[in-house]
Amino acid sequence: MVLELLIGPRKAEHQPWQLFFIGFMYCSIALFLSIWVFEKYTSLVMVFLTVMACTHLMHSTFRLEEKKDFEIRSETTLLEEHGKALSFMMFLFLGFVVAFSLWYILLPSQTSHNVFSVQIETIEAVNSATQPSGSVISKSIFLTAILMNNLKVLFFCMLFAVFYGAGAIFILAWNASVVGAAMGSFVRSNIALIASEFGMGSIATYFSTYSLSLLRYLTHGALEILAYFMAALAAGIISIAIARRDYESRKFKYVILDTLDLAVLSVVILVIAAFVEVFITPVLF
Amino acid sequence: MRKITLLLMLILSVQLASAEILLINPNKELYNWGDKLQLSYTVTSEEDANAIFKESIICGNELDYYVSPISLTAQEPRNIEVQELSLQEPLLGPCTARAQLVGLDNSVSDELSTSQFTITNEIPITIQPSSFLLNPKDMLGVSGSVRLTYTPFRGTTIRIKLDDDERMLTITKPSFNVSYLISPTMKSGTHTVTVSASDAFGNRGNATVKVIVNQVASRVMNLLDKDTLAPQEKLSFSVLLLDQASDQISSSADVELLSPNGEQIYLDSVQTGKHISVTIGQFYKPGSYTLHSKALGLEAESKILVTELSKLVASFDNRTVTISNLGNIAYNGPAEVTLTEGKSYPITISRKLSLEPGASVSIDLYSEAPAGNYAVAAKVAGEGTSLGMVNTVDKRSAAKLTADLVSDLTSHAIGSGKYEGQGVLMKRPVLAALIILAVVAGTTVFYAKLQQQRRNEAHVAQEHAEAEHNIAKIKASKDEPEEKEADSSLRENPDIQRFIRDQLKGN
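Which chain is which? The protein sequence lines are A and B, in order. Every letter in the first sequence is one number past the one before it in my numbering, and letter 43, counting from 1, is 45. Every letter in the second sequence is one number past the one before it in my numbering, and letter 162, counting from 1, is 899.
Put into structure tokens, the structure is as follows:
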């Protein structure tokens, strides 16, 4: 009960940046607990423990946001209000990513490989599915493949959120761990190269390489995660409304309208993210 | 006229009874053209007589070249100097000179022939080289002399020829001396020095002498069929040992092939001029190889370029796909094995390979895919190969199994790990650091301002709440006189007064 109740949704919406540190802490505790107790299954257990720590916050947030649907008529104002929740969720995710990536880098090589074994396998599996290429046709195929994959994840996010309320946080925590592992792997494999090519001191090298990895995965990744959170929020609100039997209320149509807005917006953001990944990220990296 | 007639009558009236001719100076045995035949005789008669002295030269044909009337006194010898005869064409060969004393009645009273002599147009030449055995760059001295019968010795033209090098000189004395520098590229073997002499009278002479130029090994050469080769191609070459004139010399040569880093990968002793083949190894690294040959202390080096060969082969043994690098360069790139079962979405096993030449990597399909009957195909370095069918047993690790299950829940954000690293930020990592710092700073400032704004709003709201609370108290005090004193003190409070004014204005 201690970790889940560290922060409530109202405070989180007022001070979203705190969620970065809370997310970092949730992940770190989960990681070390899972290494200690569930050594063989660390890869997934640390994700589950992280999710457990967030469940209360997510559930409370969905309740709060659903309540706003009944209180606020203006859709713009409503989206602004949802924006507060989304911003702290993004901070939370960023906290996860930074924690996972830093532990990947800081832990001994063998340990980090064991801890992130499933994530590493997943990275290979995801990367084997599509191949970026320079031609316009290949890029359009690549774009479609990315979009289809991400729409699938979006769908699962919504599905999990509908059935479990806070279930989407599992998918997001999992993705944070995969992105963290990818970042850590990038830093490890590029640190020596960057140090030799650019002749920077060790701290500057680490910081530059880490910044590079952060931007490499989050230039488009941040948009994707925002889309998933939007979809999760939409589905979470529906889930709460169903649980509270609000569908019997006359105002339920506003809830439906709001969630539809969120869902459509999330798809639009996902499309933009796919374009960024195909056409902008390769130019930067 | 009368005197001449009387003289002729007198002469004709004297008859030559007997006379004797004696040769005073003997002739030479050999005469060159240009020499002079000079004969002197003594003629003695037993009685006074008039006669005609006639001198002829007989070289096949007889040629009278001197006729003179003489008067002889009895027993008194008379010397006759025959006018000298310059010998020239066509006088040639064995000749004799004949002197005749002919009477006026055309009877020959005496005659005398000289011993036979030879008239020649040949010039005998003797030559002597400084050495009969020579090396390239040696000096060859040719000395000699010509022999002519006439004196004094007159200018003679000498032509001396060694191969194509002909010299000409005019000598004023019988001997001559010429030096030749043997060319550094003169062919080995026998060479002839020919000396020709000629003079103004048409005499000619030739003489030759043979000298030998030694064969000296000058350079070694590697004769390559081609100098750019791919792995497993044959390097065909011959080692040539050449002399000063680029003629081959048969000998043995040591040959070695050196890799780009100087490592000896082939060594043999071969016969020069013989064709040799060396196979370039399958995994020989690309680059510039050196073929080094050595014979008789001479060395030669040739560069051979071994080209890059990228060759990756995928093989399959019903369970394991093995990808082997059979090229000569390291392969750093992706490899994909695709398992397709019926119409279901294929399973792609992707590996980022780093294979040195000759190295291979195996992918156990049992550890990669769920049990099933799959068509196996591999794609390496852009080339796809169908490998056949496999019935797999599921032996995936727990991590692999889980990863396969949750990969559908994974965003493609991590797909950017495959980019080539040629982007703007990869070239300037400092820029990435600056962007992150700017984002962090911007976010911090934004939330700090937001926090401050919220604090101000909260403060105002609190003041409002307190004021409303006080107004309520004032209204309540109208009905309760005992609290008037306290109310009056509140009314005097400037904040309350301002708030009341604002409220009234608002209403």
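For glycine and all other residues, C-beta sits at the position ideal for the given N, C-alpha and C.
- The C-beta distance from R1088 (chain B) to A1072 (chain B) rounds to 5 angstroms, short enough to fall under 8 angstroms.
- Taking a cut-off of 8 angstroms on C-beta distances, the segment 869-881 of chain B does not touch the segment 755-762 of chain B, as fewer than three cross pairs fall below it.
- In the three-state scheme derived from DSSP, where H, G and I count as helix and E and B as strand, G25 (chain A) is classed as helix.
- When the beta-carbon positions are compared, T1139 (chain B) and S179 (chain A) stay at least 8 angstroms from each other.
- Contact residues of the segment 1132-1143 of chain B toward chain A are A1136, K1137, T1139, A1140, D1141, V1143 (C-beta to C-beta distance below 7 angstroms).
- Chain B places a beta carbon closer than 8 angstroms to that of A127 (chain A), counting this residue as a contact.
- Counting the other CB atoms within 10 Å of its CB gives T929 (chain B) a total below 16, which places it among the exposed residues.
- According to DSSP, residue pairing for F913 (chain B) in a beta bridge involves B:G881.
- One Cα belongs to Q969 (chain B), the other to G1018 (chain B), and the distance between them is close to 5 angstroms.
- Closer than 8 angstroms to the CB of E83 (chain A) there is not a single CB belonging to chain B.
- Contact with chain A is absent for L1076 (chain B), since none of that chain's Cβ atoms lies less than 8 angstroms from the residue's Cβ.
- In this structure, the straight-line span from the alpha carbon of L33 (chain A) to that of T1147 (chain B) is close to 19 angstroms.
- The continuous beta strand (DSSP E) containing Q865 (chain B) extends over residues 862-866.
- Interface annotation for the segment 171-191 of chain A against chain B: I173, W176, N177, V180, V181, A184, F188, criterion Cβ-Cβ distance under 7 angstroms.
- If you look at G238 (chain A), you'll find it in the alpha helix (DSSP H) that goes 204-245.
- The C-beta distance from R815 (chain B) to T779 (chain B) rounds to 7 angstroms, short enough to meet the 8 angstroms contact threshold.
- Straight across, the Cα-Cα distance linking S1014 (chain B) with V189 (chain A) is about 50 angstroms.
- Counting C-beta pairs closer than 8 angstroms gives fewer than three between the segment 799-808 of chain B and the segment 915-924 of chain B, which falls short of the contact rule.
- Here DSSP, grouped into helix, strand and coil, assigns S191 (chain A) to helix.
- Contact annotation: in the segment 1085-1119 of chain B, residues whose CB is within less than 9 angstroms of a CB in chain A are T1085, I1086, S1087, R1088, K1089.
- Closer than 7 angstroms at the C-beta level to chain A, one finds no residue of the segment 1048-1062 of chain B.
- Burial is judged here by how many other beta carbons sit within 10 angstroms of a residue's own beta carbon; D980 (chain B) has at least 16 and is buried.
- Distance between S1052 (chain B) and K1132 (chain B), taken at the CA atoms: about 21 angstroms.
- In the DSSP assignment, Y256 (chain A) falls within the alpha helix (DSSP H) that extends over 254-277.
- Distances from the alpha-carbon of T52 (chain A) to those of A:E226, A:N177, A:Y249 put A:N177 closest.
- Not a single CB atom of chain B sits nearer than 8 angstroms to the CB of Y166 (chain A).
- For a Cβ distance threshold of 8 angstroms, residue set D1145 of chain B lies close to K154 (chain A), ordered along the chain.
- In this model, T113 (chain A) and K42 (chain A) are separated by some 11 angstroms (Cα to Cα).
- Boundaries of the alpha helix (DSSP H) harbouring R65 (chain A): 44-73, taken from the DSSP string.
- Residue pairing of V839 (chain B) in beta bridges, as defined by DSSP: B:I789, B:V845.
- In this structure, V257 (chain A) sits near E68 (chain A), with a CB-CB distance shorter than 8 angstroms.
- The DSSP-derived three-state label of F93 (chain A) is helix.
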